[in-house]
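Shown next, in structure tokens, is the structure this report addresses.
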Amino acid sequence: MNFDISNTDHVKPVKLLDRISFVCPDPNLQADKYEYTKLYAVSKEGYDNCELQNEKLIGVCKSSNKQSIISIVFRDFSPLPGAVEFQPGQSYYIITTSDGTEEGIDNRSGGLCYTRHMKIKFEIHSGNLFFFKSF
1 MNFDISNTDH VKPVKLLDRI SFVCPDPNLQ ADKYEYTKLY AVSKEGYDNC
51 ELQNEKLIGV CKSSNKQSII SIVFRDFSPL PGAVEFQPGQ SYYIITTSDG
101 TEEGIDNRSG GLCYTRHMKI KFEIHSGNLF FFKSF
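Under full-length UniProt numbering, the residues of the sequence shown are numbered 1 to 135, in order.
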């Protein structure tokens, strides 16, 4: 997923068993400007205010020597203890409060969520999703 600073409303409809991958920055492109981030699942309040409250860590971009990917599979049951479980009809929120620097990777508020709108809301739907594009 890519984030556009001009888009302040990131909403993505998904269904159970869909997979979303967040591609961490490629350190080979700009090794001196690597963007260190942690992604968290948070409440709507945490999403709206760019703050960590009762957060669950989803993944980390911290390897400045190899590219990595953070993937989420939207399951209503997870075999992993403490993993986020997704229910149809509910919304889930992912943010990063890291500021992009290695020193700021553990920030608990603000960060790239606030400065670059690096946050997303997932709406979980059951069944098939059909999108029609008008021309």
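A virtual CB, placed ideally from N, CA and C, is assigned to each residue, including glycine.
Remember, predicted model here, so these are calculated numbers, not experimental data.
Can you name, in chain order, every residue of its own chain whose Cβ lies under 6 Å from the Cβ of residue i, other than the five neighbours on each side?
| i | result |
| --- | --- |
| Ala83 | none |
| Ser64 | Pro27 and Tyr34 |
Residues in its own chain within less than 7 Å of residue i by CB, not counting five upstream and five downstream?
| i | result |
| --- | --- |
| Cys113 | Cys50, Ile95, Thr96, Thr97 and Lys119 |
| Phe23 | Residue identity check: residue 23 is Val in the sequence provided, not Phe. Hits under 7 Å: Ile69. |
| Tyr47 | Tyr93, Ile95, Lys119 and Lys121 |
| Glu102 | Tyr36 |
| Gln67 | Cys24, Asp26 and Pro27 |
| Gly104 | Ser98 and Gly111 |
With C-beta atoms as the reference, is residue i less than 7 Å away from residue j?
| i | j | result |
| --- | --- | --- |
| Phe77 | Phe86 | no |
| Phe122 | Val42 | no |
| Ser91 | Ser21 | no |
| Leu52 | Tyr40 | yes |
- Item | alpha helix (DSSP H) runs wholly inside the UniProt domain "Ephrin RBD" (1 to 124), at least 4 long, in chain order | 44 to 49 and 111 to 115
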